[in-house]
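Here the protein sequences line up with chains A and B, keeping their order. Here our numbering runs 4 ahead of the position in the first sequence, where the first position is 1. Here our numbering runs 4 ahead of the position in the second sequence, where the first position is 1. A virtual CB, placed ideally from N, CA and C, is assigned to each residue, including glycine. Comments concern the structure below.
Protein chains: 2
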Amino acid sequence: MSVRIIDDAQSTDDGEVQKIRGISDVAQETGLSTHTLRYYERIGLLRIQRDHAGHRVYFPEDLRRIAFITRLRQTDMPIREIQRYFELVDQGPASEPERLNLLLRHREAVQAQLVTLQSALEAIDTKIELYGGSGQP
Amino acid sequence: MSVRIIDDAQSTDDGEVQKIRGISDVAQETGLSTHTLRYYERIGLLRIQRDHAGHRVYFPEDLRRIAFITRLRQTDMPIREIQRYFELVDQGPASEPERLNLLLRHREAVQAQLVTLQSALEAIDTKIELYGGSGQP
DNA sequence: CCTTGACTTCGAGCACACTCGAACCTCTAC
DNA sequence: GTAGAGGTTCGAGTGTGCTCGAAGTCAAGG
């Protein structure tokens with residue numbers, strides 16, 4: 005994966021090294037399948053550049069976006085809302101208040117999830133103890 | 005909902021009062037839809053008695069089972085595994101070790117979920133702070 | 001030149017957990 | 001005895017988030 009067409013080889017202010025990746029590398033690193041990566045792109049969560057052969061070329065920026073998408077998915081944010089979030093991102097800085105809002109609302113949801121999950125875990129533990137199970141002492 | 009046909013009006017040892025419920029009461033109380041309650045029965049998670057009119061009659065025991073099913077669903081146990089669990093329950097006490105095992109394994113999964121969720125929450129909080137958001141101080 | 005293999009697009013298919021609708025039944029109240 | 005509410009069964013439909021397969025392209029190695 006060596007790419008030269010890309011003129012936009014940005015070097016970030018912290019002197020980050022540009023490691024450009026093909027889709028299977030990225031699949032490896034992120035734990036997502038190539039299918040899923042392409043799917044995310046199809047539905048507009050990602051916009052990935054192509055090399056001269058038309059192959060996808062992932063920049064560190066893309067990897068960071070993928071990582072964040074993964075976090076949002078792990079907390080069950082619906083794809084639609086993630087789409088909304090990245091629409092806002094792609095609209096530039098003017099949308100920051102709305103993005104913040106979206107994230108704050110989502111955080112509430114995640115905290116609620118945590119509460120539900122913890123109380124369900126307690127219920128399960130109670131049941132386990134009922135079976136005389138080795139609950140953590 | 006007054007029922008007399010049911011000869012099996014068990015009074016539990018702690019003198020629990022028999023409050024027998026129709027499906028819509030139960031839907032109300034549990035937050036599940038009547039559709040879902042019937043669905044759970046179809047797939048074998050519940051076996052609910054009928055009154056003389058063929059209407060479902062829920063006993064406290066059934067409500068407790070429903071509550072536990074809900075806990076398992078809240079923690080993303082797949083329906084298949086919940087089916088398995090209640091197959092074991094319905095097989096009587098001999099299956100208790102296996103039930104315990106199933107629950108212990110599920111607890112592991114839930115704890116993993118909690119860890120994932122918490123670390124994703126941190127990531128989201130970090131992003132929120134990046135937006136200058138009012139994270140909890 | 002030819003094979004190999006990793007990539008491309010596109011539409012279709014799948015698994016899961018419900019969710020709904022049609023057609024029918026039955027109790028209660030008037 | 002008829003209306004209406006609320007139940008019944010059954011099969012089919014829905015939404016979400018992937019997941020897959022077919023058919024084609026491209027560049028490198030032998």
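Beta-carbon proximity check, residue i vs residue j, cutoff 7 angstroms
| i | j | result |
| --- | --- | --- |
| residue 124 (chain A) | residue 75 (chain B) | yes |
| residue 79 (chain A) | residue 114 (chain A) | yes |
| residue 52 (chain B) | residue 66 (chain B) | yes |
| residue 27 (chain A) | residue 38 (chain A) | yes |
Residue interval of the alpha helix (DSSP H) (run including residue i)
| i | result |
| --- | --- |
| residue 111 (chain A) | 100-134 |
| residue 25 (chain B) | Run containing residue 25 (chain B): none; DSSP gives neither H nor E here. |
| residue 49 (chain A) | Premise fails: residue 49 (chain A) is in no alpha helix (DSSP H) and is neither H nor E. |
Through-space distance from residue j to residue i, alpha-carbon basis
| i | j | result |
| --- | --- | --- |
| residue 36 (chain B) | residue 25 (chain B) | 14 angstroms |
| residue 128 (chain A) | residue 93 (chain B) | 15 angstroms |
| residue 84 (chain A) | residue 110 (chain A) | 13 angstroms |
| residue 23 (chain B) | residue 135 (chain B) | 53 angstroms |
| residue 112 (chain B) | residue 44 (chain B) | 25 angstroms |
| residue 122 (chain B) | residue 34 (chain A) | 19 angstroms |
| residue 100 (chain B) | residue 81 (chain A) | 37 angstroms |
| residue 61 (chain A) | residue 107 (chain B) | 45 angstroms |
| residue 130 (chain B) | residue 54 (chain A) | 31 angstroms |
| residue 96 (chain B) | residue 71 (chain B) | 20 angstroms |
| residue 50 (chain B) | residue 116 (chain B) | 29 angstroms |
| residue 103 (chain B) | residue 89 (chain B) | 6 angstroms |
| residue 126 (chain A) | residue 73 (chain B) | 14 angstroms |
| residue 58 (chain B) | residue 87 (chain B) | 24 angstroms |
| residue 105 (chain A) | residue 42 (chain A) | 29 angstroms |
| residue 63 (chain A) | residue 30 (chain A) | 10 angstroms |
| residue 132 (chain A) | residue 98 (chain B) | 16 angstroms |
| residue 13 (chain A) | residue 91 (chain B) | Only weak support exists for where residue 13 (chain A) lies, its pLDDT of 39 falling under 50; the value from the coordinates is given anyway. So the two alpha carbons sit approximately 60 angstroms from each other. |
| residue 56 (chain A) | residue 77 (chain B) | 48 angstroms |
| residue 7 (chain A) | residue 32 (chain A) | Note on residue 7 (chain A): pLDDT 34, under 50, position unreliable in the model; no value is reported. |
Using a Cβ-Cβ cut-off of less than 8 angstroms, give me the residues of the stretch 115-131 of chain B that come near chain A, in sequence order. 115, 117, 118, 120, 121, 122, 124, 125, 127, 128, 129 and 131
Between the stretch 102-115 of chain B and chain A, which residues of the former have a C-beta closer than 8 angstroms to a C-beta of the latter? 103, 104, 107, 108, 110, 111, 114 and 115
If you measure beta-carbon to beta-carbon, which residues of the stretch 18-44 of chain A are closer than 8 angstroms to chain B? none
Residue ranges of each alpha helix (DSSP H) run of no fewer than 4 residues wholly in the stretch 51-96 of chain A, ordered along the chain? 64-78 and 83-94
Residues from the stretch 74-101 of chain B in contact with chain A, defined by Cβ distance under 7 angstroms: 75, 78, 79 and 100
Taking any Cβ of chain B, which residues in the stretch 49-65 of chain A have a Cβ under 7 angstroms from it, in chain order? none
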